[in-house]
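The next block holds one structure in the form of structure tokens; read it before the comments.
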Amino acid sequence: MFILIVGCGRVGSAVAKRSLDAGHEVSVMDVDPRSHERLDRDQTTNWEDAGGQFTVGTALEVDGLIAAGIDRADVFIAATSGDNTNLVISQIAQRRFKVPRVVVRVADPARAAWYAEQGLRTICPTQIAIDQVEQVLLAG
Amino acid sequence: MYVIIAGAGKVGWNLARELIAKDREVTLIESNHDRFRVVEQELEYAVQYGDASELWVLERAGIQRADLVIAVTGDDEDNILICQVAREKYGVKRIVARVNNPRNLAHFKMLGIQPAVSATDLILRLIEHEVPEYGLVQLLALEEEHLEIIELEVLDGSPAVGRQIQQIPLPKGSLVISVLRSGSGFVPNAQEVIEAGDQVLLILDPGLEGQITPLFAPLGAGASA
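Just so you know, the sequences run in chain order A and B.
Using this note's numbering, the first residue of the first sequence is number -14, and each one after it goes up by one.
Using this note's numbering, the first residue of the second sequence is number 551, and each one after it goes up by one.
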């Protein structure tokens, strides 16, 4: 599979490394060139030599998304630090570029739930934390 | 009419002022606390503090009964999502969004956020109207009706010069509605002869500009729309 990940933070970079290790083709895009460092950390070979792709760009700039390979992406993951950016670019990936699988990180539980109802595959770290804390509390 | 405005920058604040002066019920939402405190001095209860892209903030402002939502923050993603949620989740009938970066306009359109207003675009059109170096000015686009009104300057040596309007091979779906000549305008009939230097207004189906501009530009010149 060809996986395009926008946002090379803790989540994006970790998912990128795991996907590459699992044998997928992986392209990562981030507005900050320094974020590339996360992809090389604790690795024996650097990201490009290992077969990964990295593009510096703003997610709303379509040229950048195309350079990062969105046209042929099987999976698109929106994992920037901004909920609003993630929600907009994932809809662009889904509707304009017809990417078959789109995954969006949304920190705000209320909007994660509503956009999930609209057909977006949202992942809400806040909701996961709430559920886990609740489980621990009830188990205690 | 109840209006919610997201973003109390210069645009949002002044819009709120104007609407309140016209006796509209308005709630302005601002996410920067310092800015909120400043605006609150004047607008008092008509401004609320919070991030308008969060659902509970919109609900606190009473979005369920809003007739119009205007998103004019400095962030295009925020403006898109505020309008999307207003219309699709809360059923607000009318939305208006501000486009900060004209390059994002396509995103607004693709997600159905209309009308989307870009100040850069409006100023650019005014400049083009005053200084029509591009030859063609789009004066009005009626998106819903699928019609456009454009203005063209008739250049010397173009196929249209010296011909009656009925002799100009305009594509089907276009019509000359006005001619501006020597500072005054008139509605021409089919026999009117077009002169170099005329400003011609046409109404047309969108997408016909490419066939129309060469008729008013010198032969061989690249038609720039």
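For every residue, glycine included, the Cβ atom is placed at its ideal position computed from N, Cα and C.
Given the structure is predicted, the values throughout are model-derived calculations rather than measurements.
For residue j and residue i, the rounded distance between their alpha carbons
i, j, result
"alanine 52 (chain A)", "methionine 14 (chain A)", "10 Å"
"glutamate 568 (chain B)", "isoleucine 613 (chain B)", "20 Å"
"aspartate 6 (chain A)", "alanine -1 (chain A)", "11 Å"
"glutamate 590 (chain B)", "alanine 596 (chain B)", "8 Å"
"arginine 23 (chain A)", "alanine 35 (chain A)", "14 Å"
"glutamine 28 (chain A)", "alanine 92 (chain A)", "29 Å"
"lysine 639 (chain B)", "cysteine 633 (chain B)", "10 Å"
First and last residue of the uninterrupted beta strand (DSSP E) at residue i
i, result
"aspartate 15 (chain A)", "10 to 15"
"tyrosine 595 (chain B)", "Per DSSP, tyrosine 595 (chain B) belongs to no beta strand (DSSP E) and is neither H nor E."
"arginine 86 (chain A)", "86 to 90"
"serine 668 (chain B)", "666 to 668"
"arginine 735 (chain B)", "Note on residue identity: the sequence assigns glycine, not arginine, to residue 735 (chain B). First-last of the beta strand (DSSP E) with glycine 735 (chain B): 734 to 736."
Collapsed DSSP secondary structure at residue i in the structure displayed
i, result
"tyrosine 640 (chain B)", "coil"
"glutamate 695 (chain B)", "coil"
"threonine 763 (chain B)", "helix"
"serine 4 (chain A)", "helix"
"isoleucine 630 (chain B)", "helix"
"threonine 111 (chain A)", "helix"
"glycine 577 (chain B)", "Rather than glycine, the amino acid found at residue 577 (chain B) in this sequence is threonine. Note: threonine 577 (chain B) maps to strand in three-state DSSP."
"arginine 26 (chain A)", "coil"
"serine 708 (chain B)", "coil"
"glutamine 714 (chain B)", "strand"
"alanine 556 (chain B)", "strand"
"leucine 655 (chain B)", "helix"
"asparagine 603 (chain B)", "The amino acid occupying residue 603 (chain B) in the given sequence is serine; asparagine does not appear at that position. Serine 603 (chain B) falls in the coil class under three-state DSSP."
"arginine 567 (chain B)", "helix"
"phenylalanine -13 (chain A)", "strand"
"glycine 562 (chain B)", "helix"
"arginine 81 (chain A)", "coil"
"isoleucine 663 (chain B)", "coil"
Residue i versus the options, residue with shortest Cα-Cα distance
i, options, result
"alanine 95 (chain A)", "A:Arg80, A:Ile113 and A:Pro85", "A:Ile113"
"glutamine 38 (chain A)", "A:Phe(-13), A:Ile108, A:Ala92 and A:Asp116", "A:Phe(-13)"
"tyrosine 100 (chain A)", "B:Arg644, B:Asn654 and B:Ala636", "B:Ala636"
"valine 43 (chain A)", "A:Asp27, A:Thr70, A:Asp56 and A:Leu122", "Note that residue 43 (chain A) corresponds to threonine in the displayed sequence, not to valine. The option with the nearest alpha carbon to threonine 43 (chain A) is A:Thr70."
"isoleucine 554 (chain B)", "B:Leu758, B:Glu609, B:Gly733 and B:Arg585", "B:Glu609"
"serine 12 (chain A)", "A:Gln28, A:Val(-4) and A:Gly54", "A:Gly54"
"glutamate 546 (chain B)", "B:Ile753, B:Ile727 and B:Gly562", "No answer is possible for residue 546 (chain B): the residues shown for chain B start at 551 and end at 775."
"isoleucine 645 (chain B)", "B:Gly733, B:Ala656, B:Gly562 and B:Leu618", "B:Leu618"
"arginine 585 (chain B)", "B:Ala558, B:Pro709, B:Phe736 and B:Asn564", "B:Ala558"
"glutamate 698 (chain B)", "B:Arg675, B:Ser724 and B:Val704", "B:Ser724"
Span of the alpha helix (DSSP H), counted from its first residue to its last, around residue i
i, result
"valine 743 (chain B)", "Here valine 743 (chain B) belongs to no alpha helix (DSSP H), and DSSP marks it neither H nor E."
"isoleucine 98 (chain A)", "For clarity, residue 98 (chain A) is alanine in the given sequence; the question names isoleucine instead. Counting along the chain, the alpha helix (DSSP H) containing alanine 98 (chain A) begins and ends at 94 to 102."
Please go through the stretch 38 to 73 of chain A and give each complete beta strand (DSSP E) segment of 3 or more residues, from N-terminal end onward.
38 to 41 and 60 to 63
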